[in-house]
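Peer 1:
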Amino acid sequence: MAMNERGRANRVSDVTKRWIRIVLFAQLPIATCFTLLTLLKKLSVLEKALIGAAAGGVAGAFTYVCLHPLDTIKTKLQTKGATEIYKGTFDAISQTFNTKGILGFYSGISAVIVGSTFSSAIYFGTCEFGKSILSKINDYPSILVPPTAGAMGNIVSSAVMVPKELITQRMQAGAVGRSWEVLLRIIEKDGILGLYAGYSATLLRNLPTGVLSYSSFEYLKSAVLRSTGKANLEPFQSVICGALAGAISASLTTPLDVVKTRLMTQVHGEAKVRVLSSVYGGVPETVKQILKEEGWVGLTRGMGPRVVHNACFAALGYFAFETARLVLLHQYLRRKESYELVGSPA
1 MAMNERGRAN
11 RVSDVTKRWI
21 RIVLFAQLPI
31 ATCFTLLTLL
41 KKLSVLEKAL
51 IGAAAGGVAG
61 AFTYVCLHPL
71 DTIKTKLQTK
81 GATEIYKGTF
91 DAISQTFNTK
101 GILGFYSGIS
111 AVIVGSTFSS
121 AIYFGTCEFG
131 KSILSKINDY
141 PSILVPPTAG
151 AMGNIVSSAV
161 MVPKELITQR
171 MQAGAVGRSW
181 EVLLRIIEKD
191 GILGLYAGYS
201 ATLLRNLPTG
211 VLSYSSFEYL
221 KSAVLRSTGK
231 ANLEPFQSVI
241 CGALAGAISA
251 SLTTPLDVVK
261 TRLMTQVHGE
271 AKVRVLSSVY
281 GGVPETVKQI
291 LKEEGWVGLT
301 RGMGPRVVHN
311 ACFAALGYFA
321 FETARLVLLH
331 QYLRRKESYE
341 LVGSPA
């Protein structure tokens, strides 16, 4: 009995060490990587999409939870009337901590965990599906594969992301109650369609943001791999490429994010803070009103926190996705190979 327990413990220890090695260094030995890349080509489009979706769900939930405090501050600064409440980023952080403590930075976190898992899974799954399909088209330019796949992923995932962001930002702006209570109030007041307030603005923001971020990372990754001659990025290279891609896309699309936030935070008296409630008729009307009341500066509200947030998000997100995908792919291929060996004739 003791020998069996010792053997089981050793096996568990070996498995644990292997997983820790993969997660910490985000890559397998080069020979194994080439083997995985060879076997990956034999997987079906559906298999690639499902593995990408699973890895995306894990990476999305992890990344959103880590960076939720920055997103909370960004939302507070972008909400209409914020200039009368906060003097700047550090003042918003100070007031949030003084009034609600650490938990104040995690308002709406339950909606984030649920929504980000599904939306990220759908996003990365769709991207992997798109890349697999587009790569099979002989005449399709390879340089257009990343932006096209990124656009496909954003269009599909936005249908899940918008309700999650709506609930989260209502709570970050000061709406009273838990996530499910805010959800019920929105449905009771505006119906199911009320969950998609700001959908057009979200899609308008997510498409260029997603295409810029996803494409920038893929292009930077390709450039680094060509210069180093390696099969995979080093962990620090993944972080740097992701951070640069996130910062570029965030700085160029902040005006779109401001418009989306204004549309989503029309809380109609739900807010506890002194946020001025104003009803916007749509994207064009929102832009006109912001320019009229605040000038061009109004379209750059929250740019600092957003650039930092997106840079960190992309760095963590791409690193986590590549790591999770590698782990899942490795385990899936091993199990698939063992099943094929068992099922093959002697």
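Everything in the sequence shown is counted per UniProt numbering, starting at 1 for the first residue and increasing by one. Each residue gets a CB set at the ideal place from its N, CA and C atoms; glycine is no exception.
Identify which residue in Gly210, Ile122 and Leu183 has its Cα closest to the Cα of Ala151.
Peer 2: Per the Cα distances, Gly210.
Peer 1: Over what stretch of residues does the alpha helix (DSSP H) that includes Asn98 continue unbroken?
Peer 2: In the DSSP assignment, Asn98 falls within the alpha helix (DSSP H) that extends over Thr89 to Lys100.
Peer 1: Is DSSP giving Ala250 helix, strand or coil here?
Peer 2: Helix, per DSSP.
Peer 1: Is there a Cβ of chain B sitting closer than 8 Å to that of Val162, yes or no?
Peer 2: Included in the structure is just one protein chain, with no chain B present.
Peer 1: Distance check for Ser110 and Pro255, CA to CA, integer angstroms please.
Peer 2: Rounded to whole angstroms, the separation of the alpha carbons of Ser110 and Pro255 is 27 Å.
Peer 1: So Glu188 is in the alpha helix (DSSP H); what residue range does that whole segment cover?
Peer 2: Ser179 to Asp190
Peer 1: Just the Cα atoms here: how many angstroms apart are Gly57 and Ile122?
Peer 2: The C-alpha of Ile122 is placed about 8 Å away from the C-alpha of Gly57.
Peer 1: According to DSSP, simplified to helix, strand and coil, what is residue 350?
Peer 2: Not covered by the structure: residue 350. The range shown for the chain is 1 to 346.
Peer 1: Quick check: what's the CA-CA separation for Tyr332 versus Val307?
Peer 2: 36 Å
Peer 1: What runs of the alpha helix (DSSP H), each 4 residues or longer, lie entirely inside the stretch 202-226?
Peer 2: none
Peer 1: If the criterion is Cβ atoms closer than 8 Å, does the pair Lys164 and Val112 meet it?
Peer 2: yes
Peer 1: Would you call the stretch 244-259 and the stretch 297-306 in contact, with 3 or more CB pairs under 8 Å?
Peer 2: yes
Peer 1: Would you mind giving the Cβ-Cβ distance between Pro129 and Ala320, rounded to the nearest angstrom? I have them listed as a contact below 8 Å.
Peer 2: Reading the sequence as shown, one finds Phe at residue 129 and not Pro. Phe129 to Ala320, Cβ: 20 Å. No contact.
Peer 1: For Leu70 and His309, which I take to be in contact (beta-carbon distance under 8 Å), what is that distance rounded to the nearest angstrom?
Peer 2: 4 Å
Peer 1: Buried or exposed for Phe97, please, with buried defined as at least 16 other CB atoms from any protein chain shown within 10 angstroms of its CB.
Peer 2: exposed
Peer 1: Go to Phe124, then tell me how far its alpha helix (DSSP H) extends in each direction, as first and last residue.
Peer 2: Ile109 to Ser135
Peer 1: On the premise that Ala59 lies in contact with Ser120, defined as a C-beta separation below 8 Å, what is that separation, rounded to the nearest angstrom?
Peer 2: 6 Å
Peer 1: By alpha-carbon positions, which one of Phe313, Ala197 and Ser216 ends up nearest to Val283?
Peer 2: Ala197
Peer 1: Please determine, among Leu193, Leu263 and Lys76, the residue with the shortest C-alpha to C-alpha distance to Gly174.
Peer 2: Checking every option, the nearest Cα to that of Gly174 belongs to Lys76.
Peer 1: I want to know whether the stretch 178-196 touches the stretch 230-248 - three or more CB-CB distances under 8 Å.
Peer 2: no
Peer 1: Can you look up Thr261 in the DSSP assignment and give me helix, strand or coil?
Peer 2: helix
Peer 1: DSSP state of Thr79, grouped into three classes?
Peer 2: coil
Peer 1: Kindly give me the distance between the Cβ atoms of Gly125 and Ala53, rounded to whole angstroms, as I take these residues to be in contact under 8 Å.
Peer 2: Contact flag correct, Cβ pair sits at about 3 Å.
Peer 1: CB-CB under 7 Å to Leu204, same chain, minus the five flanking residues each way: which ones, in chain order?
Peer 2: Leu256 and Val283
Peer 1: Please report the distance separating the alpha-carbon of Tyr106 from that of Thr72.
Peer 2: 7 Å
Peer 1: Specify, as a first and last residue, the run of the alpha helix (DSSP H) that Leu291 falls within.
Peer 2: Val283 to Glu294
Peer 1: With burial defined as no fewer than 16 other Cβ atoms inside 10 Å of the residue's Cβ, what is the status of Val327: buried or exposed?
Peer 2: A buried status is given to Val327, since no fewer than 16 other beta-carbon atoms sit within 10 Å of its beta-carbon.
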